[in-house]
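Okay, so here's the structure we're looking at.
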Amino acid sequence: MIISIAGAIGSGKSTIGKILSDKMGWPRYNMGDVWRETARQKGMTLAELQKLSETDFKVDKEVDGYVKKLGATKDNFIIEGRLAWHFIPHSLKIYLDVSEDEAARRIFSELEARNESQEDKKLETYEDVLRSIKSRKERDVYRYQKYYNLNPFNPKNYDLTVDTTNLNIDEVLTEVYEFVKNRLS
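Per my numbering, the very first residue in the sequence shown carries number 103; after that it's consecutive.
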């Protein structure tokens, strides 16, 4: 079984993916890490690569190829990524949602806890983070519609949708893990 986890920015995808991976003893692939590595190989920042991807479909195709290959050659793993469900259609598709306000609160709190701002993105206040979330979602919706004719934020694309806005990590994990366990049996 392959479990693909997608979701809104700040919904807890990486946190749940990591805990689920540890709990199940399965490898975890994070598409954010793949994008960062691709940027590094190209001598770019992640922000520069993301900007390039808005006009150059080759960037997405390169990353998409990696996801397709994983889905065709491996089994029993967890993958986090906005379009993994699309490129691995036989995966168990999980979507984590969150309100934009709560996402901004979580991300800003995390930045404060690490005592850093993301200078390259100018994320120094809660309002900056909220603006960034809205802007990125808008760009992603446009890009995915343009390149793939789909909306990754549509819950109809998934087998399970969990709104994490008012849930803690344990509550989200319980809901996701129970769903996965039922599918495995």
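We treat Cβ as the ideally placed atom computed from N, Cα and C, and that holds for glycine.
To the nearest angstrom, report how far apart S234 and L225 are at their CA atoms.
Straight through space, the alpha carbons of L225 and S234 are spaced by roughly 8 Å.
So the beta strand (DSSP E) K195 belongs to, where does it begin and stop?
194–199
From the DSSP output, in three-state form, read off E182 for me.
Note: E182 maps to strand in three-state DSSP.
Going by DSSP, which residues form a beta bridge with G109?
L198
Just the C-alpha distance for Y249 and G109, rounded to the nearest angstrom, thanks.
As the crow flies, the alpha-carbon of Y249 is around 19 Å from that of G109.
Measuring only the C-alpha atoms, how far is K258 from L286?
22 Å
Could one say the Cβ of H188 lies closer than 7 Å to chain B's Cβ atoms, at least one of them?
No chain B appears in this structure, which consists of one protein chain only.
Roughly how many angstroms separate the alpha carbons of E202 and V243, rounded to a whole number?
15 Å
In the DSSP assignment, find the unbroken beta strand (DSSP E) run with D265 in it and report its ends.
262–265
In three-state DSSP terms, what is I104?
strand
Starting from N284, trace the alpha helix (DSSP H) both ways and give me its first and last residue.
271–286
Pull up the CB-CB distance for W187 and S106, whole angstroms please, since I reckon it's below 8 Å.
4 Å
Whole angstroms are fine: how far does the CA of Y131 sit from the CA of Y246?
21 Å
If you check the beta carbons only, do L275 and I121 fall under 7 Å apart?
Yes, the Cβ-Cβ distance between L275 and I121 is below 7 Å.
Are S155 and D166 closer than 7 Å when you measure CB to CB?
S155 is not a Cβ neighbour of D166, given a cutoff of 7 Å.
Once you ignore the five residues that flank N178 on each side, which residues in its own chain have a CB closer than 7 Å to its CB?
M103, W128
Spatial neighbours of S113 in its chain, beta-carbon cut-off 8 Å, leaving aside the 5 residues before and after:
L198, D199, V200, A205, T266
K195 to G183, Cα distance in whole Å?
11 Å
Put N253 into one of helix, strand or coil per three-state DSSP.
coil
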